[in-house]
Amino acid sequence: MLDRNYLRHHAAEVRDVLKVRGFDFDLDRYAALESSRKALQEETETLQAERNAKSRAIGVAKARGEDIAPRIAEVGDLGRRLDDARARFDALRGEFDGFLEGIPNLPDGSVPPGDSEDENVEIRSWGDRTVFDFQPQDHVDIAGRALDFAAAARISGARFSIMSGDLARLHRALAAFMLDMHTREHGYEELYVPYIVNADALKGTGQLPKFEVEQFGIRGDENYYLIPTAEVPVTNVIRDTILPADALPLRYVSHTPCFRREAGTYGKDTRGIIRLHQFDKVELVQVVEPENSWDALEELTSHAEAVLKRLELPYRAVVLCGGDLGFAAAKTIDLEVWLPGQGRFREISSCSNYLDFQARRMMARYRAGDGTAFVHTLNGSGLAVGRSLIAVLENHQQGDGTVRVPEALQPYMSGTTRLRFEKP
RNA sequence: GGAGGGGUGGCUGAGUGGACGAAAGCACUGGUCUUGAAAACCAGCGAGGUUAACGCCUCCCAGGGUUCGAAUCCCUGCCCCUCCGCCA
Numbered sequence: 006m007l008d009r010n011y012l013r014h015h016a017a018e019v020r021d022v023l024k025v026r027g028f029d030f031d032l033d034r035y036a037a038l039e040s041s042r043k044a045l046q047e048e049t050e051t052l053q054a055e056r057n058a059k060s061r062a063i064g065v066a067k068a069r070g071e072d073i074a075p076r077i078a079e080v081g082d083l084g085r086r087l088d089d090a091r092a093r094f095d096a097l098r099g100e101f102d103g104f105l106e107g108i109p110n111l112p113d114g115s116v117p118p119g120d121s122e123d124e125n126v127e128i129r130s131w132g133d134r135t136v137f138d139f140q141p142q143d144h145v146d147i148a149g150r151a152l153d154f155a156a157a158a159r160i161s162g163a164r165f166s167i168m169s170g171d172l173a174r175l176h177r178a179l180a181a182f183m184l185d186m187h188t189r190e191h192g193y194e195e196l197y198v199p200y201i202v203n204a205d206a207l208k209g210t211g212q213l214p215k216f217e218v219e220q221f222g223i224r225g226d227e228n229y230y231l232i233p234t235a236e237v238p239v240t241n242v243i244r245d246t247i248l249p250a251d252a253l254p255l256r257y258v259s260h261t262p263c264f265r266r267e268a269g270t271y272g273k274d275t276r277g278i279i280r281l282h283q284f285d286k287v288e289l290v291q292v293v294e295p296e297n298s299w300d301a302l303e304e305l306t307s308h309a310e311a312v313l314k315r316l317e318l319p320y321r322a323v324v325l326c327g328g329d330l331g332f333a334a335a336k337t338i339d340l341e342v343w344l345p346g347q348g349r350f351r352e353i354s355s356c357s358n359y360l361d362f363q364a365r366r367m368m369a370r371y372r373a374g375d376g377t378a379f380v381h382t383l384n385g386s387g388l389a390v391g392r393s394l395i396a397v398l399e400n401h402q403q404g405d406g407t408v409r410v411p412e413a414l415q416p417y418m419s420g421t422t423r424l425r426f427e428k429p
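My numbering numbers the first residue of the first sequence as 6 and each following residue consecutively.
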């Protein structure tokens, strides 16, 4: 949610900045809503003030033992007029709130223009694209019988998977490794959180009301949803709170499954486990003082990068262009890992600074000097576990059909250095 | 699932339908005193909206209702606690 007060004085500027992300801010509608708001608020509050004054006078008169009947008569239809004004004001406010909730965050000045991911800008890269002296396979062929889509389809449907044996174990090892690294080396506190959240939580982080179709709702209960990312429960930990200044920064890491409808992606990434309705992710969340959030974005991104390096996976970092930027983010740096099976870089982490956009929706504040101020929130994948699994399989495959277990993962695999998966 | 008891500021906790955004204590901030600190004393101290400002408005879990007037009375929901039952 944008700052209403800022919007009031910089509406035209906001419209121009939002063009960077291809959002059309309706200045006329905004002006109309704002002027109605002002008129209705004034009318309502004037009537309230009048009612308060008269009621108070009745109280005083009664205490003195005077006859209050004439005073009550004087109130007349004030109550009805007030109810009427308030009803109109409430209706307008609902409309206004809906309008404001639908406005995405302002992109930072450093966000490059562009309409699609093709216009994202690479800012750095690490490692060389893996080369093979044999014909590399993709993760589906490497994993062989350890990946069962047919059974998953029978149980659940398309875009689900079942992993077995060493593959399931490798998946678990990746998550455990990431959690340990972030808690022991990067100063994050591990959180175990609910996988089902209410609508307010999703509203707080910005998935609702605009992206309802991408969420899995719980049947029979409009208010409950499966989490699309740990960002939702973890960031909402601070909803409706005023944190003491010395509590910041908060650094949380959480491993959860993520559930996404993947609406609008039919026919895309249908092979393998690149895009599923359910996948695991280790998520990093930071809550910081406003002046530190840009440094925090760099830091958080470097924490995610550290995982890729330790797993010996070549990657590049790109800044998302305006058109590719998520609704709530002011700036996002994606980490893309090299996938030999696809011959291209694919997103494996998305690190964003939301500034006070989420904090404003969540009413998450801290004590700053005399008063309170909204915190800044950030998050990033550290990393997506399923895609990390793909990357390990494809980058560390050997000519003899085995997969080398990177040294960092070996302690989590009882020292195993090579994996061999049964072929169908 | 059954029975009962509760939700009031950062915390504890008073609050009779009328001067209550709300006693008191703790915590916190400033001051006096002190070589310094502690103690004591004095003062300040919830959040949000709106306004150029004075001010006005809203908020005592949430939503309805009664009333000239609701923290207070009524209804519904949510959450917490205790006991019983069930359960991993």
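We put the beta carbon where it would ideally sit given N, CA and C, even for glycine.
Three-state secondary structure (DSSP) of residue i
i, result
"I338", "strand"
"P262", "strand"
"Q53", "helix"
"Q283", "strand"
"F165", "coil"
"D251", "helix"
"D72", "coil"
"F154", "helix"
Residue burial classification, residue i (beta-carbon count within 10 angstroms, cutoff 16)
i, result
"H14", "exposed"
"V136", "exposed"
"E304", "buried"
"E310", "buried"
"A36", "exposed"
"L213", "buried"
"E236", "buried"
"V323", "buried"
"V380", "buried"
"Y371", "buried"
"Q220", "buried"
"Q140", "exposed"
Other residues of its chain near residue i: CB distance less than 7 Å, five sequence neighbours each side excluded
i, result
"Y193", "H187, R256, Y257, V258, L289"
"P199", "P238"
"F101", "L38, R42"
"L330", "R26, P112, V116, T337"
"V145", "L152, R276, G277"
"V312", "M183, M186, G387, L388"
Residues sharing a beta bridge with residue i, DSSP
i, result
"V202", "Y230"
"E194", "Y257"
"G222", "Y230"
"R177", "DSSP output for R177 lists no bridge partner at all."
Neighbourhood of residue i by C-beta, 6 Å cutoff - its chain only, sequence neighbours within 5 removed
i, result
"L169", "Note on identity: in this sequence residue 169 is Ser, with Leu being the wrong assignment. Excluding positions up to five away in sequence, the list reads A151."
"G132", "P319"
"A96", "none"
"L360", "A335, H381"
"F284", "C263, G391"
Check: residue i C-beta below 7 Å from any heavy atom of the ligand ATP
i, result
"V25", "With respect to the ligand ATP, the structure shown offers nothing to examine, as it has no ligands at all."
Residues near residue i in its chain [Cβ-Cβ closer than 8 Å; skip 5 each side]
i, result
"G84", "R56"
"Q363", "G209, T210, G211, T240, A333, A369, T382"
"V22", "L111, P112"
Would you list, in sequence order, the uninterrupted alpha helix (DSSP H) runs of no fewer than 4 residues that lie entirely inside the segment 285-323?
-> 298-315
Taking only runs that begin and end inside the segment 352-425, name each unbroken beta strand (DSSP E) of 3 or more residues, in chain order.
-> 369-373, 376-379, 381-389, 407-409, 423-425
Hey, which unbroken runs of the beta strand (DSSP E) at 3 residues or more fall wholly within the segment 76-145?
-> 126-131
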